[in-house]
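A short write-up of the structure that comes next.
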Amino acid sequence: MIWHLYIMAAMYIIAGVMHFIKPRVYGAIMPPYIPFKKAMVFWSGVAEVVLGVGLLFDTTRVFAVWGIILMLLIFFTVHIDMITNEKHKGKFPAWLLWLRLPLQFLLMYWAYQYL
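The sequence shown begins at 169 in this note's numbering and counts up one residue at a time.
Right, here's the structure in full:
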């Protein structure tokens with residue numbers, strides 16, 4: 169395997185673990201229309217860990233790549249809400265919130281390279 173695949177896998181595994189370490193941070197940025205925030209934080213963390221680990225094995229890599237792409241598409245709702253929601257303004261620099269949108273596409277493209 170190539171080193172950048174390990175980097176990607178580690179990135180998702182670490183991000184997923186952070187859902188368990190700092191669940192309130194993730195719950196606070198979820199849009200208000202998402203129900204069961206604690207459960208959603210937990211299960212999105214599980215998904216990130218499982219998909220990150222899935223990247224490491226030939227037999228699960230294709231599933232993991234498509235799962236990551238789908239997950240990143242779903243996470244767009246959080247990023248859009250953070251840009252438009254008044255409660256987030258001032259907590260994060262606007263340029264950073266806007267930068268996350270094209271970053272999602274770059275992360276999807278990066279994952280797609282492993283199909």
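Ideal Cβ positions, reconstructed from N, Cα and C, are used throughout, including at glycine. Only a predicted model underlies this, so the values are computations on that prediction, with no experimental measurement involved.
Quiz item: Does the Cβ of Leu275 have 16 or more other Cβ atoms within 10 Å, making it buried, or fewer, making it exposed?
Solution: When all chains shown are included, Leu275 counts as buried.
Quiz item: Quick one, which of Ala215, Asn253, Gly258, Pro261 has its alpha-carbon nearest Met179's?
Solution: With distances taken between Cα atoms, Met179 lies closest to Ala215.
Quiz item: Hey, does Tyr180 have any beta-carbon neighbour from chain B nearer than 9 Å?
Solution: Structure shown: chain B not included; a single protein chain is present.
Quiz item: Which same chain residues, not among the five before or five after Phe188, have their C-beta less than 8 Å away from its C-beta?
Solution: Excluding residues up to 5 positions away in sequence, Phe210, Gly213 lie with their Cβ nearer than 8 Å to the Cβ of Phe188 in the same chain.
Practice problem: Evaluate Ile237 with the Cβ neighbour count: other Cβ atoms within 10 Å of its Cβ, from every protein chain shown; 16 or more gives buried, anything less gives exposed. | Solution: Of the residues assessed, Ile237 falls on the buried side of the cut-off, its CB having 16 or more other CB atoms within 10 angstroms.
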